[in-house]
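Let me begin by presenting the structure, written as structure tokens, before commenting on it.
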Ligand code: FAD
Ligand code: NAD
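If you want it as structure tokens, here you go:
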């Protein structure tokens, strides 16, 4: 079968690339090794984790917040089996939605493992044999898989990755988390809300260490209130399983040996590019030494002409929306257009409660670059909307150029921050000043007023409600 484009991998990078290629009139095929489409994000990532975050948030509110709203409940209990079942229904609805979109856009789906025979020919290995398909261009979108530590054996039963943590049969009694990054804190929140003891061992001296430091400090306070315990600046040295018990050993910052015992240990120390089955060496595609990421140029073309790569398998943030943007980008390049991605404006979100969201430069980065900036902050406890809902933790912080007032970074932790960050992205995409945002009407009472107030605070300290 001859195509204009073959996409290998059906995650948010791959399926968006395929749809955009089809929209632009290119005859397109997509290859996926699993029976369901949607990749990590839909099957074992973004969607199932958010389903469990929402369910556990409902339970936590029912147990701890309803009474203050004057709602009384007797015999509140968790039906964990139902929670996991619902999560799977959410996943199934989403993945079958992608299958529908492939049909709608007349994209051929080939189920099987794709590997290069040559730069235009892909072998699709299926359970009952193999076939070959060819195309003028190939887009690699094979994503990533969980990474581990060299001395840790992940048995997928007691020492687990995020994939297993999304399908547990029981609520852990004591979940030990290695890594205080996004996965650790999101899934840690789920189980802490459901009553598990959750201990986080993090190598760095802060959680979500790559985000603006102020966010990590505030989130740490909130998660401690939730009952999670943190061992920051601690280095894990080993983990072993005996029956149903896991023992994790680690060194304190002073080098003293310590250990924790629990029933599950979730290893969340990052993810690595997944290229194992592609046969990249057959056609000479180069990968970066660290992390095995496929090397690409500014057009996301690999070292082999006509072969492109997008998403988690290349450099940059491992985020679904970054993969999607790159999918659209390559499709438009193939159609002869001149697309652009502003990598500095890809937002990062952590779906804890309160949510954490960030775009642009952090204070630490601006200091390092020697940029003169001013800051405007607004705490949610001064927001009428947040008072009404009872979500008083957190703040919005705006960083603007000291001379031009252009917004350079927005960092927020608070209710619905994940949705609110879109305003900051749009403002920055149009190179708005902090004052520009203050002049736009914001509905009252909404959480978004906190963004306007933070911009007012950055503009000659003019915040109204603080
Ligand atoms: P993937 O989604 O990994 O898809 C790659 C696909 O390629 C897979 O289906 C794989 O089976 C297939 N494949 C691989 N090799 C082959 C081959 N040789 N032949 C055929 N098929 C192949 N990001 C966010 O932005 N927001 C979130 O809330 C979020 N939550 C997450 C929660 C968890 C628990 C995890 C693990 C990740 C989360 N992420 C989130 C990250 C997000 O899932 C990834 O950034 C995103 O899925 C990357 O998309 P991709 O298309 O590059 O690859
Ligand atoms: P991460 O990079 O976010 O966090 C890993 C953490 O583990 C870091 O804080 C790191 O310092 C720590 N760590 C590394 N080695 C350690 C060790 N030996 N001992 C203790 N701590 C150690 O990675 P993750 O949480 O595994 O997530 C993987 C990827 O998935 C991320 O790149 C993220 O972008 C993506 N993801 C995104 C979302 C979201 O957008 N909401 C949610 C989940 C996952």
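Residue numbers (this note's numbering): 2 to 467.
All C-beta atoms, glycine included, are put in the ideal place defined by N, C-alpha and C.
How would you write the range of the alpha helix (DSSP H) that residue i sits in, first residue to last?
i           : result
residue 429 : 418-430
residue 401 : It is not in any alpha helix (DSSP H) - residue 401 instead sits in the beta strand (DSSP E) that spans 396-402.
residue 164 : 163-166
residue 366 : 364-370
residue 60  : 47-65
residue 385 : 385-390
residue 333 : 321-335
residue 23  : 13-24
residue 232 : Looking at the DSSP string, residue 232 is not in any alpha helix (DSSP H); the run it does join, the beta strand (DSSP E), is 230-233.
residue 292 : From DSSP, residue 292 is part of no alpha helix (DSSP H); its letter is neither H nor E.
residue 126 : Element bounds for residue 126: not the alpha helix (DSSP H) but the beta strand (DSSP E), 122-127.
residue 216 : 214-226
residue 91  : 81-105
residue 28  : Residue 28 -> no alpha helix (DSSP H), and no H or E assigned at all.
residue 192 : 183-194
residue 119 : Element bounds for residue 119: not the alpha helix (DSSP H) but the beta strand (DSSP E), 114-119.
residue 171 : Note, residue 171: premise wrong, no alpha helix (DSSP H); not H, not E.
By a C-beta neighbour count over all protein chains shown, 10 Å radius and 16 as the cutoff for buried, is residue i buried or exposed?
i           : result
residue 182 : buried
residue 101 : exposed
residue 190 : buried
residue 412 : buried
residue 269 : buried
residue 159 : buried
residue 197 : buried
residue 303 : buried
residue 56  : buried
residue 459 : buried
residue 421 : buried
residue 173 : buried
residue 355 : buried
residue 326 : buried
residue 20  : buried
residue 392 : buried
residue 414 : buried
residue 256 : exposed
residue 72  : exposed
Along the chain, where does the beta strand (DSSP E) containing residue i start, and where does it finish?
i           : result
residue 410 : 408-415
residue 259 : 258-263
residue 252 : 246-252
residue 4   : 3-9
residue 376 : 374-380
residue 440 : From DSSP, residue 440 is part of no beta strand (DSSP E) but of the alpha helix (DSSP H) over 435-440.
residue 133 : 130-141
residue 198 : 198-203
Would you mind stating whether residue i and residue j have Cβ atoms separated by less than 8 angstroms?
i           : j           : result
residue 108 : residue 32  : no
residue 208 : residue 221 : yes
residue 386 : residue 447 : yes
residue 362 : residue 51  : no
residue 320 : residue 372 : no
residue 401 : residue 434 : yes
residue 41  : residue 144 : yes
residue 345 : residue 430 : no
residue 148 : residue 6   : no
residue 280 : residue 116 : yes
residue 85  : residue 2   : no
residue 453 : residue 443 : yes
residue 369 : residue 213 : no
residue 95  : residue 43  : yes
residue 377 : residue 399 : yes
residue 195 : residue 79  : yes
residue 111 : residue 18  : no
residue 176 : residue 265 : yes
With residue i and residue j assumed to form a contact (beta carbons below 8 angstroms), what rounded beta-carbon distance in angstroms separates them?
i           : j           : result
residue 330 : residue 455 : Not quite, the Cβ-Cβ distance comes to about 31 angstroms (not below 8 angstroms), so this is no contact.
residue 16  : residue 38  : 6 angstroms
residue 142 : residue 9   : 6 angstroms
residue 347 : residue 323 : 5 angstroms
residue 407 : residue 432 : 6 angstroms
residue 258 : residue 250 : 7 angstroms
residue 305 : residue 296 : With 8 angstroms as the limit, residue 305 and residue 296 do not qualify as a contact, their Cβ atoms being about 10 angstroms apart.
residue 146 : residue 275 : 5 angstroms
residue 294 : residue 314 : 6 angstroms
residue 23  : residue 106 : 4 angstroms
residue 418 : residue 358 : 4 angstroms
residue 240 : residue 153 : 6 angstroms
residue 155 : residue 237 : 13 angstroms between Cβ atoms; not a contact.
Quick check: is any heavy atom of the ligand GTP less than 7 angstroms from the C-beta of residue i?
i           : result
residue 367 : Only the ligand FAD and the ligand NAD can be found as ligands here, which leaves the ligand GTP out of the picture.
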